[in-house]
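Structure record follows, encoded as structure tokens.
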Amino acid sequence: MLCACSGEQFKFEEPPQSPESLATRDFSASGLSSRTIGDWDLGSKFDDIQVDEAESTLKEALSLNYEEARALLGRLEFQRGNFDAALQVFQGIDIRNLTPRMAKAIVERIRHRKPRVKGDSYVMLNVMSLHSVSLLTEAILLKARSLGELGRFREAAKECKVILDTVELALPNGMPEEIGEDCKLQEMFHKALELLPIFWTKAGYLEEAITAYRGALIKPWNLDPERLAGVQKSLACTLLYSGVEASLPPQLQVWGPTTPKNNTEEAVLLLLILMKKMALNQIKWDSEVMDHLSYALSVTGQFELLANHFEQALPGLYGRAERWYLLALCYSACGQNEEALNLLKKVAGCSEAKNKPHFLSFLLGAKLCSLDTVHAHEGIEFSRKAIDLVSDQCEHFMGQAHKFLGVCYSGAARASISDSERTVFQRESLNSLNHAALNGKGDPEVMFSLGLENAVQRNLDAAFSYTMKYSDMVAGSSGHGWKLLALVVSAEQRFNDAEAIVDFALDEAGRRDQLELLRLKAVLQIAQEHPKQAIETYRMLLASVQAQRNSKAKNFEQGRTFDPEVCIPWFLFEGTKVFASVLKSSFFVLQAILERNLEKEAWRDLAAIYTKLSLWPDAEICNNKAKLIEFYSPQSWHTTGTLFEAQSKHKEALISFSVSLSIEPDYVPSIVSTAEVLMKLGTGSLPIARSFLMNALRLEPINHEAWLNLGMLSKMEGSLQQAAEFFQAAYELQLSAPVQSFV
Numbered sequence: 023m024l025c026a027c028s029g030e031q032f033k034f035e036e037p038p039q040s041p042e043s044l045a046t047r048d049f050s051a052s053g054l055s056s057r058t059i060g061d062w063d064l065g066s067k068f069d070d071i072q073v074d075e076a077e078s079t080l081k082e083a084l085s086l087n088y089e090e091a092r093a094l095l096g097r098l099e100f101q102r103g104n105f106d107a108a109l110q111v112f113q114g115i116d117i118r119n120l121t122p123r124m125a126k127a128i129v130e131r132i133r134h135r136k137p138r139v140k141g142d143s144y145v146m147l148n149v150m151s152l153h154s155v156s157l158l159t160e161a162i163l164l165k166a167r168s169l170g171e172l173g174r175f176r177e178a179a180k181e182c183k184v185i186l187d188t189v190e191l192a193l194p195n196g197m198p199e200e201i202g203e204d205c206k207l208q209e210m211f212h213k214a215l216e217l218l219p220i221f222w223t224k225a226g227y228l229e230e231a232i233t234a235y236r237g238a239l240i241k242p243w244n245l246d247p248e249r250l251a252g253v254q255k256s257l258a259c260t261l262l263y264s265g266v267e268a269s270l271p272p273q274l275q276v277w278g279p280t281t282p283k284n285n286t287e288e289a290v291l292l293l294l295i296l297m298k299k300m301a302l303n304q305i306k307w308d309s310e311v312m313d314h315l316s317y318a319l320s321v322t323g324q325f326e327l328l329a330n331h332f333e334q335a336l337p338g339l340y341g342r343a344e345r346w347y348l349l350a351l352c353y354s355a356c357g358q359n360e361e362a363l364n365l366l367k368k369v370a371g372c373s374e375a376k377n378k379p380h381f382l383s384f385l386l387g388a389k390l391c392s393l394d395t396v397h398a399h400e401g402i403e404f405s406r407k408a409i410d411l412v413s414d415q416c417e418h419f420m421g422q423a424h425k426f427l428g429v430c431y432s433g434a435a436r437a438s439i440s441d442s443e444r445t446v447f448q449r450e451s452l453n454s455l456n457h458a459a460l461n462g463k464g465d466p467e468v469m470f471s472l473g474l475e476n477a478v479q480r481n482l483d484a485a486f487s488y489t490m491k492y493s494d495m496v497a498g499s500s501g502h503g504w505k506l507l508a509l510v511v512s513a514e515q516r517f518n519d520a521e522a523i524v525d526f527a528l529d530e531a532g533r534r535d536q537l538e539l540l541r542l543k544a545v546l547q548i549a550q551e552h553p554k555q556a557i558e559t560y561r562m563l564l565a566s567v568q569a570q571r572n573s574k575a576k577n578f579e580q581g582r583t584f585d586p587e588v589c590i591p592w593f594l595f596e597g598t599k600v601f602a603s604v605l606k607s608s609f610f611v612l613q614a615i616l617e618r619n620l621e622k623e624a625w626r627d628l629a630a631i632y633t634k635l636s637l638w639p640d641a642e643i644c645n646n647k648a649k650l651i652e653f654y655s656p657q658s659w660h661t662t663g664t665l666f667e668a669q670s671k672h673k674e675a676l677i678s679f680s681v682s683l684s685i686e687p688d689y690v691p692s693i694v695s696t697a698e699v700l701m702k703l704g705t706g707s708l709p710i711a712r713s714f715l716m717n718a719l720r721l722e723p724i725n726h727e728a729w730l731n732l733g734m735l736s737k738m739e740g741s742l743q744q745a746a747e748f749f750q751a752a753y754e755l756q757l758s759a760p761v762q763s764f765v
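Structure (structure tokens):
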């Protein structure tokens, strides 16, 4: 058969050497022999669709040229799984010389495509038909797939790139919608778009893969919504997990400050687009998109935004308990523990009583309650429910549940006003923590909790032992571990050793822990009666806080990424916009709060030092600076009262202590100081002073200052025997008192 489908005849001067394969051994320079066609009709095992497709090709073209024949024969070999043979057939096609003609054919066919009356026809000489272009494009694609099947991914990617370059050369502004009406060119091109980044990825060229994904998204290539979503999802995954930072090329950085500055930002924006499409039912729900978005927003600290997307998920995608649990995780991660606990209480409420208990919700509830003594009793209930649900064989979860139970018992003991109840809770706390140590072997946090609880109960030897075990388990990399160890040593009145521990910890700790350790060092220096050294340490602390604040402000201005209204840039040609809120990372928020509190405490401590040195103006200046940070603070007003008391201004001191107690009625230092001032005002105030001291001991039984003042009060009343007992209790408690509270 002579070729006519492309408008040119095949020249016979140099007939090609046919590869030795079933599909090509009957192939000659003159076309397809009758035997070959007969083999197709009688021996082919392919389905009817493939046979009809081959027949339509022959009927349309009337005859095949050399390249088109090879394209058809190569397709047959590929369909039979003979990838080596198919590759040999496809390699006989001179792609380099054909691609300019293919691009020209696409341009001309699209340019002259106009609505015509039925039966009308016209012929363009010397120009391939779109059907021929599609056939050759399919040949290149199948050649790439054959190379991929043979593990030659880099060569396969290059073949796919030929298809993309050819079509993009002909259609630089994208593919018109009508091109896919009567040919398979668009389908072949779409497959090449999808395969190119996959081949680059398998070949290990991740930057090229990312470039290929971006190339599929920057122009309108007529991808259907599901296919487009697949490309966007694949690009987001590659950006998140590839480990290669592929910044946007300059030609795509056209959106100013809204342009993604790194892989994670670009991936987040892509996933937000997909979430919006799923919410509008433009594409099917894909749980993997939510998983990837959860990871991306978690590593960037955008937990509130993540919570919004869990709330927007359509009903039925998550169970009620699971949705509440996921939302609680988000809110707890951004520091909103109260909101998280309210959601977890719903899981434990009566509305879910008939449903299967959600173990992870109970465990998370126990953990959140263990962070605040206010919720200690609720935490005990959460922990017990988790323990009832977990199997004895699951030692890890059993250990975690007992650990939270022990911590919650400890918090309940500190909040208890009954001595008998406090004793029971303290005993249960140690029992639960010891049980957790048996189940959760190797868990350093259990060792820390045991050390802390023993320290609170003044079992200093056990506290020292467990704290040392904790430090060994974490290889000395924990700032709060060093701090607890220094406090335990200070409770043994070994202030010099405690300061040495702090100095060592300062060299090992990170920035966040260094500030707390600096304050502890200053307090230890005060305990050793070295006020000048303490003042210098506080100066270093305040300078560090200010330096970090300035650094954060500078970094925030330079690295601000999400604006209140973020227009999705280059990768959405249809102009879709997504709006995202400006959210700060919970880590930085919590760190800022910590620094603010430390700065406030440093100014108060300095005020106390200057008060003891009778430097009243300096003490007042420092205390006013603390009030500027937080005016309604019981500690600041207590420091004001102490300053007035040191100047023998008893009435002013009483007023300041009263303000402190009006802010926090159970603030023990102000209660004790109020009693001290009342004792100085005369015997008529002694009964009131006693009631204050008894209230302080009810709240904090191991407060040695309260016992000391109670002894002095009893002595003033003439009860010498009782006063001696109170003095003895104060002395023994002072011998085991740390320079700072353990909790």
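Per this note's numbering, the very first residue in the sequence shown carries number 23; after that it's consecutive.
Each residue gets a CB set at the ideal place from its N, CA and C atoms; glycine is no exception.
The structure displayed is predicted, hence computed values, not measured ones.
Tell me the rounded alpha-carbon separation between Ala767 and Thr661.
Nothing can be reported for residue 767: it is not among the residues displayed for the chain, which extend from 23 to 765.
Should the stretch 716–724 be regarded as contacting the stretch 736–743, the criterion being three or more beta carbon pairs within less than 8 Å?
Segment contact: the stretch 716–724 against the stretch 736–743, fewer than three CB-CB distances shorter than 8 Å; contact not assigned.
So for Gln113, helix, strand or coil by DSSP?
Coil.
Where does Pro639 land, buried or exposed, given buried means 16+ other C-beta within 10 angstroms?
So Pro639 ends up on the exposed side.
Separation of Glu360 from Glu403, as counted between CA atoms:
For Glu403 and Glu360, the distance between alpha carbons rounds to 17 Å.
Considering only residues of the same chain and omitting the five flanking positions on each side of Val524, which have a CB-CB separation below 6 Å?
Closer than 6 Å at Cβ, skipping near neighbours: Ala508, Leu539, Leu542, Lys543.
Given this structure, state the Cα-to-Cα distance separating Pro691 from Leu628, to the nearest angstrom.
Roughly 17 Å separates the two Cα atoms.
Taking buried to mean at least 16 other C-beta atoms within 10 Å of its own C-beta, is Tyr431 buried or exposed?
It counts as buried.
Note down the Cα distance separating Gly421 from Glu288, rounded to an integer number of angstroms.
Straight-line measurement puts the Cα of Glu288 at about 40 Å from the Cα of Gly421.
Do Leu261 and Asn285 come within 7 Å of each other at the CB atom, strictly closer than that value?
Less than 7 Å divides the Cβ of Asn285 from the Cβ of Leu261.
Where Leu336 sits in the DSSP three-state scheme
Leu336 falls in the coil class under three-state DSSP.
Closest by CA to Cys391, which one among Glu739, Phe419, Ile643, Ala434?
Ranking Glu739, Phe419, Ile643, Ala434 by Cα distance to Cys391 puts Ala434 first.
Would you identify the three-state DSSP class for Ser447, choosing helix, strand or coil?
The question names Ser, but residue 447 in the sequence shown is Phe. Note: Phe447 maps to helix in three-state DSSP.
Looking at the secondary structure, which residues open and close the alpha helix (DSSP H) in which Asn285 lies?
Element bounds for Asn285: 285–301.
Can the beta-carbon of Gly501 be found closer than 7 Å to that of Ala531?
Taking 7 Å as the cut-off, the Cβ atoms of Gly501 and Ala531 count as close.
For Ala127, I'd like the list of residues in its chain whose CB is within less than 6 Å of its CB, leaving aside the five on either flank, ordered along the chain.
Excluding sequence neighbours, Ala127 sits near Val149, Met150, Val155.
Nearest to Glu177 (by Cα), restricted to the options Ile132, Asn195, Ala225, Glu199:
Out of Ile132, Asn195, Ala225, Glu199, Ala225 has the C-alpha closest to the C-alpha of Glu177.
Determine the DSSP secondary structure at Trp222, reduced to helix, strand or coil.
Three-state result, Trp222: helix.
Cβ contact (3+ pairs, closer than 8 Å) linking the stretch 88–104 and the stretch 162–178:
Yes, the stretch 88–104 touches the stretch 162–178.
Between the CA atoms of Ala459 and Asn731 - distance to the nearest angstrom:
Asn731 and Ala459 have their C-alpha atoms some 40 Å from each other.
Looking only at its own chain, which residues have a Cβ that is under 8 Å from the Cβ of Leu328, when we skip the five neighbours before and after it?
Here the set comprises Leu315, Ser316, Leu319, Ser320, Cys352.
Residue range of the alpha helix (DSSP H) that His502 falls in?
Element bounds for His502: 501–513.
Mark Phe653 as exposed unless 16 or more other C-beta atoms lie within 10 angstroms of its C-beta, in which case mark it buried.
Exposed, because fewer than 16 other Cβ atoms sit within 10 Å of the Cβ of Phe653.
For Gln570, collect the residues of the same chain with a Cβ closer than 8 Å to its Cβ; drop the 5 residues on either side in sequence, then sort them by chain order.
Once the five neighbours on either side are set aside, the close Cβ partners of Gln570 are Arg533, Glu617.
Suppose contacts are defined by Cβ-Cβ distances below 7 Å. Is Leu293 in contact with Ala251 by that definition?
Against a cut-off of 7 Å, the Cβ pair of Ala251 and Leu293 comes out as no contact.
For Val266 versus Glu229, is the C-beta distance shorter than 7 Å?
Taking 7 Å as the Cβ cut-off, Val266 and Glu229 qualify as a contacting pair.
Rounded Cβ spacing between Phe384 and Ala408 (contact assumed at less than 8 Å):
Rounded to the nearest angstrom, the Cβ distance from Phe384 to Ala408 is 4 Å, consistent with a contact under 8 Å.
Below 7 Å between beta carbons: does that hold for Leu257 and Tyr235?
Yes, Cβ-Cβ distance for Leu257 and Tyr235 is below 7 Å.
Mind checking whether Leu366 and Leu349 have CB atoms under 7 Å apart?
In this structure, Leu349 does not lie closer than 7 Å to Leu366 by Cβ.
Going by the CB atoms, is the gap between Leu700 and His726 shorter than 7 Å?
Taking 7 Å as the Cβ cut-off, His726 and Leu700 do not qualify as a contacting pair.
Three-state secondary structure (DSSP) of Ile677:
The answer is helix: DSSP assigns Ile677 an H, G or I state.
Look up Asp465 in the DSSP assignment and say whether it is helix, strand or coil.
In this structure, Asp465 counts as coil in the three-state DSSP scheme.
8 Å Cβ shell around Ser695 - same chain, five flanking residues per side excluded
These residues qualify, in order along the chain: His660, Gly663, Thr664, Glu667, Ala675, Phe679.
So, Ala268 versus Ile232, is the Cβ gap smaller than 7 Å?
In contact: Ala268 and Ile232 (Cβ atoms closer than 7 Å).
Please work out which residues of its chain come closer than 8 Å, Cβ to Cβ, to Asp313, disregarding the five sequence neighbours upstream and downstream, and give them in chain order.
Excluding sequence neighbours, Asp313 sits near nothing in its chain.
Would you verify that the beta carbon of Arg174 is, or is not, closer than 7 Å to some beta carbon of chain C?
Protein chains in the displayed structure number just one, and chain C is not present.
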